[in-house]
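Participant: Residue numbers (the numbering used here): 72 to 378. Just so it is clear, CB atoms sit at the ideal spot from N, CA and C, and this is done for glycine as well.
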Amino acid sequence: MQLRHNGCLRLAALIFQSGGGVGYNFGKLRPEGDIVRSTTGIASGPLSFMKLFDTLVDTIKQGGKRRGAQMGMLFWWHPDIEKFITSKSGELKDLQLQNFNISVTIDDYFMQKVLRGEDIYLINPRECPCLYKTWGEEFVKCYEGCVEAIRAGRIRIWRRVNAKELWDKIVKSAWDSGDPGLWNRDLANYINNEKLPGEVINATNPCSEESLYDFESCNLGSINLVKYVYDGKIDWDSLARDVQLAVRFLDDVIDVNKLPHERLRKRVLETRRIGLGANGLADALIALALSTTHRRHWRSPMNWLVS
């Protein structure tokens with residue numbers, strides 16, 4: 072979900088109240104310290120808004136049973152990215168943003184910079200909005216155009232950092248606390264099978280099973296693979312039949328699901344996102360009497376389903 076107005080916090084509360092979760096990309100927000108011309112004030116940055124949403128989840132318990140789920144994302148080129156990377160690390164890792172999964176939004180261009188150990192510029196999204204409106208080759212053109220504007224003095228330089236050093240911070244923080252994760256925006260938009268003109272996927276659902284446009288939602292289910300092992304063999308026909316039934320069921324859920332806002336319902340009916348996963352793989356391997364040394368010769372059900 073993109074942050075567009077104050078109603079975002081209220082909408083998130085309604086989603087949590089009805090048993091859902093939310094994924095956000097905070098990359099459109101201006102960095103901490105940026106001047107707000109309309110009020111001559113100083114911007115507080117993405118992390119301050121994340122704390123608001125974190126407190127919201129503490130206040131509203133999901134369905135009276137569990138707290139809401141959230142994914143918070145930030146682009147690698149955002150000036151506050153280093154603070155974001157370490158926001159759940161160190162001595163306060165068990166206290167800060169505990170109602171958030173967090174992920175750095177990367178792309179192929181960034182990874183090339185990492186591999187070459189080159190410097191990158193951190194850029195204010197207010198000055199270069201094309202950065203979050205494009206992906207792939209169009210993003211590269213946008214970013215390099217923004218860098219040229221910085222070098223020419225037309226855009227303020229926030230900071231210049233080494234891509235590999237930034238990558239090392241991500242790895243160190245992930246080792247320390249399990250966060251942040253990584254999400255490749257180029258890959259997500261490339262494999263997206265429901266491309267909408269003029270729109271870019273910039274975020275995922277709370278646990279990152281699905282990459283989603285603004286206000287989309289996902290219906291998720293899973294198949295327990297061990298249930299299809301009989302007499303040391305997989306019943307492929309039964310598995311295929313149940314996969315078809317599960318997909319039909321998830322699609323039906325879209326029509327009967329009650330969403331807390333009409334904008335959500337309109338977008339969900341437009342794209343009809345679903346996700347069917349698999350669990351019980353380890354148990355299935357045991358039931359098939361396959362040892363670790365033999366697993367490399369075994370063709371997984373997931374490979375079979377997508378082939």
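Count the other C-beta atoms from every protein chain shown that fall within 10 angstroms of the C-beta of G303, then say buried if there are 16 or more, exposed otherwise.
Facilitator: By one-based count along the sequence shown, residue 303 stands at place 232. Counting Cβ neighbours within 10 Å, G303 comes out exposed, since fewer than 16 surround it.
Participant: Closest to T130 by CA distance: which of N255, G252, N96, A83 is it?
Facilitator: As a first step, residue 130 is located in the sequence shown; it is residue number 59 there, counting from the start. The candidate whose alpha carbon is nearest that of T130 is A83.
Participant: Given L193, which residues of its chain have a CB within under 7 Å of its CB, disregarding the five upstream and five downstream residues?
Facilitator: Here residue 193 refers to the residue found at position 122 when the sequence shown is read from its first residue. Correct list, in chain order: W148, H149, P150, I152, W229, R230, V232.
Participant: Helix, strand or coil, according to DSSP, for Y95 in the structure here?
Facilitator: Your numbering for residue 95 matches position 24 in the sequence shown. Strand, per DSSP.
Participant: Can you tell me where the beta strand (DSSP E) holding F146 begins and where it ends?
Facilitator: In the sequence shown, the residue the question calls residue 146 occupies position 75. Note, F146: beta strand (DSSP E), 141-146.
Participant: Measure how close the beta-carbons of S248 and N263 come, nearest whole angstrom, since I'm counting them as under 8 Å.
Facilitator: As a first step, residue 248 is located in the sequence shown; it is residue number 177 there, counting from the start. As a first step, residue 263 is located in the sequence shown; it is residue number 192 there, counting from the start. Between N263 and S248 the Cβ distance is about 30 Å, and since that is not below 8 Å, they are no contact.
Participant: First and last residue of the beta strand (DSSP E) that includes G216?
Facilitator: Working through the sequence shown from its first residue, we reach residue 216 at position 145. Premise fails: G216 lies in the alpha helix (DSSP H), 207-222, not in any beta strand (DSSP E).
Participant: CB-CB under 7 Å to N255, same chain, minus the five flanking residues each way: which ones, in chain order?
Facilitator: Along the sequence shown, one-based indexing puts residue 255 at 184. Answer for N255: I177, D178, listed in chain order.
Participant: Among all the DSSP beta bridges, which residues are the ones paired with T176?
Facilitator: To locate residue 176, count along the sequence shown from 1; it is residue 105. In DSSP, T176 forms a bridge with F146, W254.
Participant: Beta-carbon within less than 8 Å of G348's beta-carbon, same chain only, minus the 5 sequence neighbours each way: which residues are those?
Facilitator: Taking the sequence shown and counting its residues from 1, the one referred to as residue 348 is at position 277. For G348, the CB contacts under 8 Å within the same chain, skipping 5 residues up- and downstream, are E280, L291, G292, S293, I294 in chain order.
Participant: By Cβ distance, which residues of its chain are closer than 6 Å to K159, with the 5 residues on each side in sequence left out?
Facilitator: Counted from its first residue, the sequence shown places residue 159 at position 88. Answer for K159: Q167, L168, S248, D250, listed in chain order.
Participant: As a quick exercise: from K243, R319, G78, A114, pick the residue whose alpha carbon is nearest that of G346.
Facilitator: Within the sequence shown, the letter at position 275 stands for residue 346. Ranking K243, R319, G78, A114 by CA distance to the CA of G346 puts R319 first.
Participant: Could you work out which residue in T157, K204, A140 is closest to V242 when comparing CA atoms only?
Facilitator: Here residue 242 refers to the residue found at position 171 when the sequence shown is read from its first residue. The option with the nearest alpha carbon to V242 is T157.
Participant: Counting C-beta neighbours from all protein chains within 10 Å, is the total for K99 16 or more, i.e. buried, or is it exposed?
Facilitator: By 1-based counting over the sequence shown, the position of residue 99 is 28. Buried, by the Cβ-count rule.
Participant: Please tell me whether L118 and L80 are closer than 8 Å, where the distance is taken between their beta carbons.
Facilitator: In the sequence shown, counting from the first residue as 1, residue 118 sits at position 47. In the sequence shown, counting from the first residue as 1, residue 80 sits at position 9. Taking 8 Å as the Cβ cut-off, L118 and L80 do not qualify as a contacting pair.
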